[in-house]
Amino acid sequence: MAAAATMTERRKQIPAYMKAVSGSLGGVVEACCLQPIDVIKTRLQLDRVGAYKGITHCGSTVVRTEGVRALWKGLTPFATHLTLKYTLRMGSNAMFQSAFKDSETGKVSNRGRLLSGFGAGVLEALAIVTPFEVVKIRLQQQKGLSPELFKYKGPIHCARTIVREESILGLWSGAAPTVMRNGTNQAVMFTAKNAFDVLLWNKHEGDGKVLQPWQSMISGFLAGTAGPFCTGPFDVVKTRLMAQTRDGEGGVRYKGMVHAIRTIYAEEGLVALWRGLLPRLMRIPPGQAIMWAVADQVTGLYEMRYLQNAPL
14 MAAAATMTER
24 RKQIPAYMKA
34 VSGSLGGVVE
44 ACCLQPIDVI
54 KTRLQLDRVG
64 AYKGITHCGS
74 TVVRTEGVRA
84 LWKGLTPFAT
94 HLTLKYTLRM
104 GSNAMFQSAF
114 KDSETGKVSN
124 RGRLLSGFGA
134 GVLEALAIVT
144 PFEVVKIRLQ
154 QQKGLSPELF
164 KYKGPIHCAR
174 TIVREESILG
184 LWSGAAPTVM
194 RNGTNQAVMF
204 TAKNAFDVLL
214 WNKHEGDGKV
224 LQPWQSMISG
234 FLAGTAGPFC
244 TGPFDVVKTR
254 LMAQTRDGEG
264 GVRYKGMVHA
274 IRTIYAEEGL
284 VALWRGLLPR
294 LMRIPPGQAI
304 MWAVADQVTG
314 LYEMRYLQNA
324 PL
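Here the sequence shown is numbered in this note's numbering, starting from 14 and rising by one per residue.
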């Protein structure tokens with residue numbers, strides 16, 4: 014009986030490839046909706062002289078001096094990177110969770126969820142997030158109304174220029190803080206999302222229950238709020254490291270993650286390490302809400318069609 018129960022439990026697990034598909038679809042929708050907030054966040058984090066007085070002033074300044082389309086600068090690499098990131102994140106997290114499942118009950122402990130999320134975050138940071146964000150940030154920091162005067166003409170030209178001037182490793186500038194940020198974010202997010210689904214809606218994976226989009230959005234929003242507070246300094250340092258280019262003598266302002274944290278703290282104060290926190294809170298929790306609303310519908314329909322109706 015126990016063996017039969019275990020086989021039934023295993024049949025009710027959503028395969029990793031479906032998690033990957035659901036994440037990719039959610040990433041496309043999220044990118045299109047929230048790109049302007051990401052542009053504003055990047056500009057605020059790169060502002061060392063106080064040119065922008067806040068989120069509204071930054072957004073209005075960008076629109077006034079560069080046009081409305083400037084708020085979607087870097088959309089192509091951002092959308093591509095989000096799609097690939099969520100595909101890898103959701104798929105790898107599902108595989109890691111399979112490895113941490115209890116062999117008897119088929120359940121995953123909170124520790125297993127944390128480790129699975131951290132592993133997925135580290136993997137996505139190294140494989141996808143870092144090079145795409147380097148290109149995105151380099152494009153977003155360019156100011157002006159005349160594209161022909163920009164150093165980088167587009168995502169591909171930007172990547173080629175970075176490789177030519179800084180070597181292939183230039184595309185992985187800021188990898189260390191990105192790994193710490195994404196690993197911590199995903200460890201918290203996956204654990205919290207599962208907890209909120211169970212607590213608020215009594216939803217367990219494989220039970221055949223499909224959450225309404227608004228229910229998924231609430232769980233996703235709540236799960237996405239903790240990460241930005243915990244990882245603010247890593248995100249600021251990541252942005253600074255990715256944005257910097259070598260000077261005429263081949264030197265750089267920040268020598269690495271620890272040096273950047275110390276320099277920012279010494280020159281700009283402790284609060285500067287959380288610069289851009291508000292736009293991150295305006296982007297990440299709503300982004301998670303949008304992504305999970307799409308992803309849960311995809312996986313929910315899969316549960317109903319292929320798991321609950323599967324012959325036992």
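All C-beta atoms, glycine included, are put in the ideal place defined by N, C-alpha and C.
Leu224, DSSP secondary structure in three states: coil
Pair within 9 Å by beta-carbon distance, Phe131 and Ala200: yes
Nearest neighbour of Lys98, chosen from Ala33, Thr74, Met108 and Met295 [CA to CA]: Ala33
Simplified DSSP state of Asn123, which is helix, strand or coil: helix
Per-residue burial, Pro324 [other beta carbons within 10 Å of its own, 16 or more giving buried]: Only weak support exists for where Pro324 lies, its pLDDT of 44 falling under 50; the value from the coordinates is given anyway. The residue in question, Pro324, is exposed, as its Cβ has fewer than 16 Cβ neighbours within 10 Å.
Element boundaries [alpha helix (DSSP H), containing Ser105]: Leu88 to Phe113
Expected contact under 8 Å - CB spacing of Thr276 and Met31 to nearest Å: The pair is not a contact, with the Cβ atoms about 45 Å apart (cut-off 8 Å).
Cβ pair Phe113, Ser105 closer than 9 Å: no
Other residues of its chain near Ala29: CB distance less than 6 Å, five sequence neighbours each side excluded: Gly104, Ala107 and Met108
C-alpha gap between Ile181 and Leu314, whole angstroms: 42 Å
Cβ neighbours of Pro90 in the same chain (closer than 6 Å, five flanking residues each side left out): Phe145, Val148, Lys149 and Pro168
Own chain residues within Cβ distance below 6 Å of Ala256, not counting five before or after: Leu59, Ile150 and Gln154
Alpha-carbon to alpha-carbon, Glu161 and Ile297: 32 Å
CB-CB length for Ser232 against Lys206, believed under 8 Å: 6 Å
Phe163, enclosing alpha helix (DSSP H) - first and last residue: Note, Phe163: premise wrong, no alpha helix (DSSP H); not H, not E.
Terminal residues of the alpha helix (DSSP H) in which Ser73 lies: Ile68 to Glu79
Candidates Ala138, Asn198 and Val52, of which the one nearest Gln301 by Cα: Asn198
Close Cβ partners of Tyr85 (< 7 Å) along its chain, the five nearest in sequence each way excluded: The identity of residue 85 in the sequence shown is Trp, whereas the question assumes Tyr. Here the set comprises Gln48 and Pro49.
Residues of its chain near Ala18, where Cβ-Cβ distance is below 8 Å and the 5 sequence neighbours each way are ignored: Legend: pLDDT at Ala18 = 45, less than 50; position of this residue unreliable, value from coordinates given subsequently. Here the set comprises nothing.
Cβ-Cβ distance between Ala308 and Ser116 below 9 Å: no
Touching by the beta-carbon criterion (3+ pairs, under 8 Å), the region 255-273 and the region 183-197: yes
Cβ distance (whole Å) where Met95 is taken to contact Ala44 below 8 Å: Correcting the residue identity first, residue 95 is Leu in this sequence and not Met. At roughly 5 Å, the Cβ-Cβ gap stays under 8 Å, so Leu95 and Ala44 are in contact.
Where Arg177 sits in the DSSP three-state scheme: helix
With 16 other Cβ atoms within 10 Å as the buried cut-off, status of Gln225: exposed
Alpha carbon of Ile303 to alpha carbon of Gly263, nearest angstrom: 42 Å
Assigned secondary structure, Ile27 (DSSP; H/G/I helix, E/B strand, else coil): coil
Burial state of Arg124, where buried means 16 or more other Cβ atoms lie within 10 Å: exposed
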